[in-house]
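For the record, in the sequence shown the residue sitting at position 211 is 211 according to full-length UniProt numbering, with numbers rising by one throughout.
Backbone N, C-alpha and C fix where the C-beta goes; we use that ideal spot for every residue, glycine too.
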Amino acid sequence: MGHRVTAAVDGVAYTPGELDRDATFYVAGHRGLVGSAIVRKLEAEGFAHVVGKTSAELDLKNRDDVFAYMAEIKPRYIVLAAAKVGGILANSTYPVDFLSDNMRIQTNVLDAALANDVERVAFLGSSCIYPKFAEQPIREDSLLTGHLEPTNDAYAIAKIAGILHTQAVRRQYGLPWISAMPTNLYGPNDNFSPKGSHVLPALIRRYDDAAKTGADSVTNWGTGTPRREFLHSDDMADAVLHLMEHYDGPDQVNVGTGTDVTIREIAETIGQVTGFAGETEWDTTKPDGTPQKLLDVSKLAEAGWMAKISLQEGLERTVAWYRDHVDTIRE
Ligand SMILES: NC(=O)c1ccc[n+]([C@@H]2O[C@H](COP(=O)([O-])OP(=O)(O)OC[C@H]3O[C@@H](n4cnc5c(N)ncnc54)[C@H](OP(=O)(O)O)[C@@H]3O)[C@@H](O)[C@H]2O)c1
1 MGHRVTAAVD GVAYTPGELD RDATFYVAGH RGLVGSAIVR KLEAEGFAHV
51 VGKTSAELDL KNRDDVFAYM AEIKPRYIVL AAAKVGGILA NSTYPVDFLS
101 DNMRIQTNVL DAALANDVER VAFLGSSCIY PKFAEQPIRE DSLLTGHLEP
151 TNDAYAIAKI AGILHTQAVR RQYGLPWISA MPTNLYGPND NFSPKGSHVL
201 PALIRRYDDA AKTGADSVTN WGTGTPRREF LHSDDMADAV LHLMEHYDGP
251 DQVNVGTGTD VTIREIAETI GQVTGFAGET EWDTTKPDGT PQKLLDVSKL
301 AEAGWMAKIS LQEGLERTVA WYRDHVDTIR E
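Next comes the structure, spelled out in structure tokens:
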């Protein structure tokens, strides 16, 4: 397929290889679902200078503060995993925040990284950048070939701008920056809040509550038939480091498992893992959303990476984490 880019195409002549374990590595969003997994991975791999700041310590929407921080730490590598993130309800209720906050966060971090000649940046987007009716499984080259899903178009446009930003830096300045587009993620430090969460943490919370109270039934939205793909955040972190060490090119790389399951199957597995003994009901008056969302991961496979954590194992680990942290999770 020839995804690899040569210097003639975008002016970047760079051979990816092992990153320097002694260099400063800035993880923007280091406390989040993805950022915390990346920190765990980097520390396990022997990176000695992994740095990050909470949003309370450094608001990435504040350009001057971002430039000052970047000049102070002078990182050699960055993963940009800081973003305003939410499920369908939050996205459709607060589109201005999802557009404006994310544009500002990424523009500030990428501009400050450029000003400090950061060698390798991995920008993280999301599968919602692809057209609503993209052919399944969704290939990277379907980007900008059709209309977006309207409930999260503001967020998607910000993320598309981020991909273009990394490509433009490659073209104009020759820095080997890359971007990766994960599928639905789950794991420790996820957002389990009923107002802001994605489908999987919302199901974990609902089934765990029902198991604890001994409820007879749980009711989920829709028919349960839509198919979705889920990747554990530790696999995601593994994939991002792998791409930083083995991939270079202007095209965003999809990160997923390459297989999907129905929402009904996911709900049943979560019910079993949480020990819920009642019935699951489906409120078919509520919308289902897109029938299928699955990423084509052949480019990632070409780069030499495959998911390792099974859904059963990932869910067992995540439910255990949720139970250990239920009193301190973010609302
Ligand atoms: N979760 C998914 O299923 C999923 C799927 C595809 C792609 N992604 C992408 O992965 C990236 C990370 O997502 P996530 O799920 O890890 O989200 P998350 O758990 O909500 O974490 C986001 C992090 O961003 C930080 N942040 C937000 N606004 C900030 C600000 N103004 N200044 C500084 N830091 C700020 C937060 O820091 P504090 O904790 O300090 O407030 C938080 O740790 C995003 O780009 C997202 O699009 C996620």
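Under 8 Å between C-beta atoms of residue i and residue j
i           : j    : result
P176        : D248 : yes
I266        : L185 : no
residue 363 : I138 : Outside the modelled stretch of the chain, which goes from 1 to 331, sits residue 363, for which no answer is possible.
V148        : K159 : With the sequence shown as reference, residue 148 is identified as Leu, and Val is not the correct amino acid for it. No, these two residues do not count as a Cβ contact at 8 Å.
L80         : V121 : yes
P291        : R227 : yes
V273        : V240 : no
residue 356 : V255 : Any property of residue 356 remains undetermined from this structure, which presents the chain solely from 1 to 331.
G278        : G11  : no
E140        : D65  : no
N152        : N102 : no
A23         : R76  : yes
G214        : I263 : no
I309        : H232 : yes
E281        : T219 : yes
A71         : N116 : yes
Y69         : K53  : yes
A113        : G29  : no
A301        : L243 : no
S142        : Y130 : yes
V37         : A237 : Just to set this straight, residue 37 is Ala in the shown sequence, not Val. Cβ atoms of A37 and A237: closer than 8 Å.
L124        : V34  : yes
H198        : G87  : yes
I178        : L99  : no
residue 334 : R104 : Absent from the structure is residue 334, since the part of the chain shown begins at 1 and ends at 331.
I78         : V39  : no
G289        : Y207 : no
G192        : R171 : Inspection of the sequence shows that residue 192 is occupied by Phe rather than by Gly. Going by C-beta atoms, F192 is not nearer than 8 Å to R171.
Residue i: first and last residue of the uninterrupted beta strand (DSSP E) it sits in
i    : result
A28  : 24-28
E279 : 279-283
L124 : 120-124
H49  : 49-51
Where residue i falls, given that 16 or more other Cβ within 10 Å makes a residue buried
i           : result
T183        : buried
L42         : buried
G331        : Note on residue identity: the sequence assigns Glu, not Gly, to residue 331. By the 10 Å Cβ count, E331 comes out exposed.
M306        : exposed
K293        : buried
R323        : exposed
V326        : exposed
L315        : buried
G17         : exposed
residue 368 : Here the chain has residues from 1 to 331 only, and residue 368 is not among them.
S217        : exposed
R21         : exposed
D283        : exposed
V96         : exposed
P201        : buried
A44         : exposed
L144        : exposed
D190        : buried
K299        : buried
A211        : buried
A134        : buried
G275        : exposed
L311        : buried
T259        : exposed
T257        : buried
G32         : buried
N-terminal and C-terminal residue of the alpha helix (DSSP H) that residue i is part of
i           : result
residue 357 : With the chain covering only 1 through 331, there is no way to say anything about residue 357.
V326        : It is not in any alpha helix (DSSP H) - V326 carries neither H nor E in the DSSP assignment.
Heavy atom of ligand 2 within 7 Å of residue i beta-carbon
i    : result
E245 : Absence of ligand 2 is noted for the structure shown, with ligand 1 being the only ligands found.
So which residues put a beta carbon under 5 Å from any heavy atom of ligand 1, going in chain order? G29, R31, G32, L33, V34, T54, S55, D59, L60, K61, A81, A82, A83, V85, L124, S126, P182, N184, L185
For the region 183-252, which segments carrying the alpha helix (DSSP H) assignment without a break, of at least 4 residues, lie completely within its bounds, in sequence order? 199-213, 233-246
Hey, which unbroken runs of the alpha helix (DSSP H) at 4 residues or more fall wholly within the region 54-100? List check, alpha helix (DSSP H) in window: 63-73, 88-93.
Runs of alpha helix (DSSP H) lying entirely within the region 270-314, each at least 4 residues, in chain order: Every alpha helix (DSSP H) of 4 residues or more that sits fully in the region 270-314 is shown, in chain order, as 298-302.
Sequence ranges, beta strand (DSSP E) only - wholly within the region 123-188, length at least 3: 178-182, 184-186
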